[in-house]
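Chemist: Just so you know, numbering that gives the first Met the number 0 puts 4 at position 5 of the sequence shown, and the rest follows in order with no gaps.
Positions of the beta carbon are idealized from the N, C-alpha and C atoms, including for glycine.
Here the structure is a predicted model, which means the values were calculated and not measured.
Starting off with a structure, shown below.
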Amino acid sequence: MSCIRFPQNHYQKEELLLKAKQTMETPESDLDDEDFLRAHYESQHHRGRLESPTVSFSLLNRTCGDCVILDLQLEDSQITQAKFEAQGCVISQAAASILCELITGMEIASLKEFDAPAMLQAIRIPLSPRRKRCGLLAWEALQSMLTELNHQVKGDKDE
0 MSCIRFPQNH YQKEELLLKA KQTMETPESD LDDEDFLRAH YESQHHRGRL ESPTVSFSLL
60 NRTCGDCVIL DLQLEDSQIT QAKFEAQGCV ISQAAASILC ELITGMEIAS LKEFDAPAML
120 QAIRIPLSPR RKRCGLLAWE ALQSMLTELN HQVKGDKDE
């Protein structure tokens, strides 16, 4: 699967990383990195499906069989709700929870700068190359979703 790479915008990337840092400094901040990951895995906050999402995308990791469905509710190009449903390992499910936490409230345009290293940094634990695929599954679904939204917007302009 190939993802579109957008030009780096340092300001937007720093803004997203700041939000990630603030998210991590919640009452869970006294957790070590593995406990932080486990807390996101066990959390029900962003689990489930939205009743009528603006956009939804599912992705399967063909290597290990992990699957994630990402639902977003958008209002005026801002993500007002993000939910996921996932089957798979602790890392892929925790990463989906972390992703939903990070992107809720964000503008779609700023997400184009949210790259794989930023997602891996938000997970807070080092991952082997094979496990990085698990950690990036929800992020790859988001990137595919952004590509799909971009095509829809271009299609609307062409009509």
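Taking 8 Å as the cut-off, does the region 79-90 touch the region 110-118 (at least 3 CB pairs, one atom from each stretch)?
Modeler: no
Chemist: Assign residue 134 to one of two classes, buried (16 or more other C-beta atoms within 10 Å of its C-beta) or exposed (fewer than that).
Modeler: Position 135 of the sequence shown, counted from the start, is the residue given in the question as residue 134. Burial call: buried.
Chemist: Could you give the DSSP three-state label for residue 148: helix, strand or coil?
Modeler: Walking along the sequence shown from the start, residue 148 turns up at place 149. The answer is helix: DSSP assigns residue 148 an H, G or I state.
Chemist: Taking all protein chains shown into account, do 16 or more other C-beta atoms lie within 10 angstroms of the C-beta of residue 91, making it buried, or fewer, making it exposed?
Modeler: Counting from 1 along the sequence shown, the entry for residue 91 is found at position 92. So residue 91 ends up on the buried side.
Chemist: Give me the Cα-Cα distance between residue 58 and residue 148, rounded to the nearest whole angstrom.
Modeler: What you label residue 58 is simply residue 59 of the sequence shown in a count that begins at 1. What you label residue 148 is simply residue 149 of the sequence shown in a count that begins at 1. Counting only the Cα atoms, residue 148 lies some 16 Å from residue 58.
Chemist: Note down the Cα distance separating residue 56 from residue 143, rounded to an integer number of angstroms.
Modeler: Counting from one through the sequence shown, the residue named residue 56 turns up at place 57. Counting from one through the sequence shown, the residue named residue 143 turns up at place 144. Rounded to whole angstroms, residue 56 and residue 143 show a C-alpha spacing of 8 Å.
Chemist: If you measure from the beta carbon of residue 151 to each beta carbon in chain B, is any gap under 8 Å?
Modeler: Among the chains in the structure shown there is no chain B, since it carries only a single protein chain.
Chemist: Check whether the region 42-55 touches the region 63-75, counting contact only when three or more Cβ pairs, one atom from each stretch, lie closer than 8 Å.
Modeler: Contact holds: three or more Cβ-Cβ distances are below 8 Å.
Chemist: On the CB-based measure, 16 or more other CB atoms within 10 Å of its CB, does residue 121 come out buried or exposed?
Modeler: Position 122 of the sequence shown, counting from 1, holds the residue named residue 121. By the 10 Å Cβ count, residue 121 comes out buried.
Chemist: Taking the C-alpha atoms as reference points, what is the distance between residue 26 and residue 95?
Modeler: The count along the sequence shown starts at 1 and reaches residue 26 at position 27. The count along the sequence shown starts at 1 and reaches residue 95 at position 96. Low confidence applies here, because residue 26 scores a pLDDT of 47, under 50, leaving its location unreliable and the question unanswered by this model.
Chemist: Among all the DSSP beta bridges, which residues are the ones paired with residue 176?
Modeler: The displayed coordinates of the chain run from 0 to 158. Any statement about residue 176 would go beyond what the structure contains.
Chemist: Give the straight-line distance between the Cα atoms of residue 33 and residue 124, rounded to the nearest whole angstrom.
Modeler: One-based indexing of the sequence shown puts residue 33 at position 34. One-based indexing of the sequence shown puts residue 124 at position 125. Looking at the two C-alpha atoms, the distance is approximately 7 Å.
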